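The block underneath contains the structure these notes are about, expressed in structure tokens.
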Amino acid sequence: MTLEVLYFAWLRERVGHPRESVATDAATVRDLVAQLAAQSDGHAAALDDLATLRCAVDQKLVDLDTPLAGAREVAFFPPMTGG
Amino acid sequence: MTLEVLYFAWLRERVGHPRESVATDAATVRDLVAQLAAQSDGHAAALDDLATLRCAVDQKLVDLDTPLAGAREVAFFPPMTGG
Amino acid sequence: MSARVQAEPFDLAVELRGFGAGAGAVVTFTGIVRDDSGHMAALDIEHYPGMTERALTDFGAAAAARFDLSDWRIVHRHGRIETGGQIMMVATAARHRRAAFDAADYLMDWLKSRAPFWKREIAQDGSASWVEARSNDEDALGRW
Amino acid sequence: MSARVQAEPFDLAVELRGFGAGAGAVVTFTGIVRDDSGHMAALDIEHYPGMTERALTDFGAAAAARFDLSDWRIVHRHGRIETGGQIMMVATAARHRRAAFDAADYLMDWLKSRAPFWKREIAQDGSASWVEARSNDEDALGRW
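Protein chains in written order, with the working numbering: chain A, 2 to 84; chain B, 2 to 84; chain C, 15 to 158; chain D, 15 to 158.
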């Protein structure tokens, strides 16, 4: 499948761009993270710390073990600081 | 001494007027209440329930055992319902 | 940092003009005349002129000290207020959210049972009855 | 009952026009850019268009159900906001004071750590640094 992958805040800065289309067979978000981290040093730096990594699948917050079946858009970002 | 005594809300209605000057030798608020309650049926009805009676001496909330020495203005009223 | 008692309506926007400059958090509470029975026309609020202003100013100063407020304001109306009309407001400004929220809550608890106001409900047929104090308003002060 | 994300400033008075008709209690919270260091010029707030609106609407609906709100509003800005400028506001309307206070507090806890906004502090010398999430923001959700 092909996913639209988005990055925000300092993850975006480390990756170097805000979005990319990714062809993947990843079963879960965690699998996708591993695939992306191997793509470049910037990706590796962005996705380094799984404890603070936050993720949304199709604009809903999920944890790393969420299956990707049927997903179209996956976003990665640091802990949120709104309000 | 002569005190200015004020009544509010339904105490005022029962007494029949909002204020009066009272000559008294009462040592405490409680003594004053006893003197006032003997003044008329309206006063008695107004000052009947000591548990719900609220009092201010010189515009500060006090309890019934507060001494009246030096006081000028004493107010009686039911529990407050502001806000 | 001010408290006012007035018969006139107030405008929250005007009260907040320039309010809390330099703060990080501003909380406001506005109390509105609510018709629970379906038969109420208005509230009539009696107060103790002189003592009221003093009490509100004391509450504000106590809240400012306790919660390190950079600003506070209390406006409370008296007299007749129709259903839907504003009764009172408090505004608090602090560096942080928690302090602003807690200070507003604290002021409301004090206003409810220590400020010399007495509400009377005026029904649509013109009959009037004094609002009874609720024991949990008194209990609420124990929180602080 | 609405949530908005916008770059433009908002006006609390305009947001509250007609807000909470029929309620007894209205609480507002306004967050303001605060310069703690003495060197900050502005905040720059990034967000996740699409998801942000959805998240805020979900929070509002959850608060309305949980606290029986008669009205609620959330406005959150993104982009550059100078020191002293307003970041966001929530307003809640309920029959009773406790519900209006708690709902505003609840919405703020959710906004702080579950809405996709990221703040960057812009210093007076032009340097920028991302604001770190505080662990107690996360812990705060455990209250509800």
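Using N, Cα and C, we set each Cβ at its ideal position, and we do this for glycine too. None of these values were measured; they are calculated from a predicted model.
Contact under 8 Å by Cβ, residue i with residue j
{"i": "Ile46(C)", "j": "Ala37(D)", "result": "yes"}
{"i": "Ala117(C)", "j": "Ala77(C)", "result": "yes"}
{"i": "Leu26(D)", "j": "Gly83(A)", "result": "no"}
{"i": "Phe77(A)", "j": "Leu48(A)", "result": "yes"}
{"i": "Leu70(D)", "j": "Ile136(D)", "result": "no"}
{"i": "Met81(B)", "j": "Trp132(C)", "result": "yes"}
{"i": "Val89(C)", "j": "Gln138(C)", "result": "no"}
{"i": "Thr42(D)", "j": "Met122(D)", "result": "no"}
{"i": "Phe33(C)", "j": "Ala107(C)", "result": "yes"}
{"i": "Ala28(A)", "j": "Pro68(A)", "result": "yes"}
{"i": "Arg148(C)", "j": "Ala142(C)", "result": "no"}
{"i": "Gly74(D)", "j": "Ala17(D)", "result": "yes"}
{"i": "Gln60(B)", "j": "Arg48(C)", "result": "no"}
As assigned by DSSP and simplified to three states, the class of residue i
{"i": "Asp50(D)", "result": "coil"}
{"i": "Arg87(C)", "result": "strand"}
{"i": "Phe33(C)", "result": "coil"}
{"i": "Asp72(D)", "result": "helix"}
{"i": "Gly99(C)", "result": "coil"}
{"i": "Arg134(C)", "result": "strand"}
{"i": "Ala105(C)", "result": "strand"}
{"i": "Trp144(D)", "result": "strand"}
{"i": "Glu67(D)", "result": "helix"}
{"i": "Phe43(C)", "result": "strand"}
{"i": "Gly93(D)", "result": "strand"}
{"i": "Arg18(C)", "result": "strand"}
{"i": "Leu57(D)", "result": "strand"}
{"i": "Ala70(A)", "result": "coil"}
{"i": "Ala76(A)", "result": "strand"}
{"i": "His122(D)", "result": "It is worth fixing the name first, because residue 122(D) is Met in this sequence and not His. Reduced to three states, the DSSP call for Met122(D) is helix."}
{"i": "Ala129(D)", "result": "coil"}
{"i": "Asp82(C)", "result": "coil"}
{"i": "Phe24(D)", "result": "coil"}
{"i": "Gly38(C)", "result": "coil"}
{"i": "Asp139(D)", "result": "coil"}
{"i": "Gly156(D)", "result": "helix"}
Which listed residue (the options) has its alpha carbon closest to that of residue i
{"i": "Arg31(C)", "options": "Trp144(C), Phe131(C), Asp72(C) and Asp85(C)", "result": "Asp85(C)"}
{"i": "Val23(B)", "options": "Asp32(B), Gly17(B), Val6(B) and Ala10(B)", "result": "Val6(B)"}
{"i": "Leu12(B)", "options": "Thr3(B), Thr29(B), Ala28(B) and Leu37(B)", "result": "Leu37(B)"}
{"i": "Ala70(A)", "options": "Asp26(A), Ala46(A) and Pro79(A)", "result": "Asp26(A)"}
{"i": "Met2(A)", "options": "Cys56(A), Met81(A) and Glu74(A)", "result": "Glu74(A)"}
{"i": "Arg128(C)", "options": "Ala105(C), His61(C) and Gly140(C)", "result": "His61(C)"}
{"i": "Gly64(C)", "options": "Asp32(B), His18(B) and Ala57(B)", "result": "Ala57(B)"}
{"i": "His92(C)", "options": "Asp49(C), Thr66(C) and Asp151(C)", "result": "Thr66(C)"}
{"i": "His110(D)", "options": "Gly99(D), Gly98(D), Leu83(D) and Asp123(D)", "result": "Leu83(D)"}
{"i": "Thr53(A)", "options": "Gln60(A), Lys61(A) and Leu65(A)", "result": "Leu65(A)"}
{"i": "Asp151(C)", "options": "Met122(D), Arg112(D), Ser141(D) and Ala147(D)", "result": "Arg112(D)"}
{"i": "Gly140(C)", "options": "His53(C), Ala35(C), Ala17(C) and Ser16(C)", "result": "His53(C)"}
{"i": "Ala55(D)", "options": "Ala75(D), Phe24(D), Met15(D) and Thr97(D)", "result": "Thr97(D)"}
{"i": "Leu4(B)", "options": "Arg20(B), Glu14(B), Ala10(B) and Arg15(B)", "result": "Arg20(B)"}
{"i": "Gln100(C)", "options": "Arg18(C), Ser149(C), Glu22(C) and Met15(C)", "result": "Glu22(C)"}
{"i": "Glu146(C)", "options": "Ile59(C), Thr44(C), Ile95(C) and Arg94(C)", "result": "Ile59(C)"}
{"i": "Ala45(B)", "options": "Lys61(B), Arg15(B), Val63(B) and Val30(B)", "result": "Arg15(B)"}
{"i": "Val93(B)", "options": "Pro130(C), Ala105(C) and Trp158(C)", "result": "Here chain B comprises residues numbered 2 to 84, so residue 93(B) is not present and cannot be evaluated."}
{"i": "Asp72(C)", "options": "Met15(C), Phe24(C) and Asp50(C)", "result": "Met15(C)"}
{"i": "Trp158(C)", "options": "Ala105(C), Arg94(C), Thr44(C) and Phe81(C)", "result": "Phe81(C)"}
Buried versus exposed, by CB contacts within 10 Å (16 or more), residue i
{"i": "Glu29(D)", "result": "buried"}
{"i": "Asp119(D)", "result": "buried"}
{"i": "Ala79(D)", "result": "exposed"}
{"i": "Leu155(C)", "result": "exposed"}
{"i": "His18(B)", "result": "exposed"}
{"i": "Gln40(B)", "result": "exposed"}
{"i": "Ala35(B)", "result": "exposed"}
{"i": "Arg55(B)", "result": "buried"}
{"i": "Arg87(C)", "result": "buried"}
Any non-hydrogen atom of the ligand ZN within 7 Å of residue i CB
{"i": "Asp82(D)", "result": "Among the ligands in the structure shown, none appear at all, so the ligand ZN cannot be discussed."}
Handout entry: Runs of alpha helix (DSSP H) lying entirely within the segment 2-67 of chain B, each at least 4 residues, in chain order
Key = 10-16, 30-38 and 42-47
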